[in-house]
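Input: a single structure, listed below in structure tokens.
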Amino acid sequence: MREIVEVCRNTSAGLKILPDLARLQDGRVHVSDLRQVQVEDLLGREPAELDLNLISSYLRGKRVLVTGAGGSIGSELCRQILKFAPSEIHLLGRGENSIYEIHSELARTAGLTRLVQIIGDVINKKKLEGIFAMFRPQIVFHAGADKHVPLMEMNPDEAVFNNIVGTKNVLEVSNAYRAERVVCISTDKAVNPTSVMGCCKRVAELLVRSDLVRRTRSRCAVRFGNVLGQPRLRHPAFPEADRAGRSRSP
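With the working numbering applied, the sequence shown covers 21 to 270.
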């Protein structure tokens, strides 16, 4: 289906989708149910619905640190976190342009939430300690990682430093400064990994579960697949792609 969509992007053709053939045979739906293709159709299952009340309960009024805040996942996390009115969002990243851009975007709707721009690298543990000492984040979303599979095959040392050592630093410093929650963003490529990037993220997951972390504190790793609603999927075939991609979890 993805291949068909990609081909159609370069034409003026409209896209519609038929109901599942098994459902057609059962008489539960009819050909008249032909409809526009939605971005969720590419998922192959029902999207996971988020418990917004639960999320709001631990973000509202809190100081939140997002590592890799200028990246594709980190920046989207910042957009979603802002909706729950934290007292502060600390935007940490090593790319000055990307941090500046996400800060400029969020500032338009930040309201009473304080936005802090921090240029730094999770590999630099001293820098992390200084950040925690100054801002005392209560919630940490660790999205800072090298994610490009072919590039990490060519630069395995950087993958190890950023994805493993960086995660270890975040966990240790979060523990030392008694952060309430740490959410480490992992990847579906950590399942039976066959690449350097996948292996490094799997090790990072094991660090989250290790004795490095005090069991009395909330620490977890969340695996992300390819995120629906990314720019390459936003075209006339998906008029609701942006809304769907930002309101539902993959």
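Just so you know, even glycine gets a beta-carbon here, dropped at the ideal spot from N, CA and C.
Item: Three-state secondary structure (DSSP) of G150; Value: helix
Item: Cα-Cα separation, F244 to A153; Value: 30 angstroms
Item: Inter-residue spacing [alpha-carbon to alpha-carbon] between H123 and A179; Value: 26 angstroms
Item: As assigned by DSSP and simplified to three states, the class of S206; Value: strand
Item: Alpha-carbon spacing of V169 relative to S215, whole angstroms; Value: 7 angstroms
Item: For T236, three-class secondary structure by DSSP; Value: With a pLDDT of 48 at T236, under the threshold of 50, the modelled position of this residue cannot be trusted; read the value that follows with caution. Reduced to three states, the DSSP call for T236 is coil.
Item: C-alpha distance - R198 paired with I119, whole-angstrom precision; Value: 26 angstroms
Item: DSSP beta-bridge partners of Q137; Value: L111
Item: Where A33 falls, given that 16 or more other Cβ within 10 Å makes a residue buried; Value: exposed
Item: Local conformation of A33 per DSSP, three classes; Value: coil
Item: Inter-residue spacing [alpha-carbon to alpha-carbon] between R222 and P213; Value: 7 angstroms
Item: L74 to D177 span [Cα, whole Å]; Value: 39 angstroms
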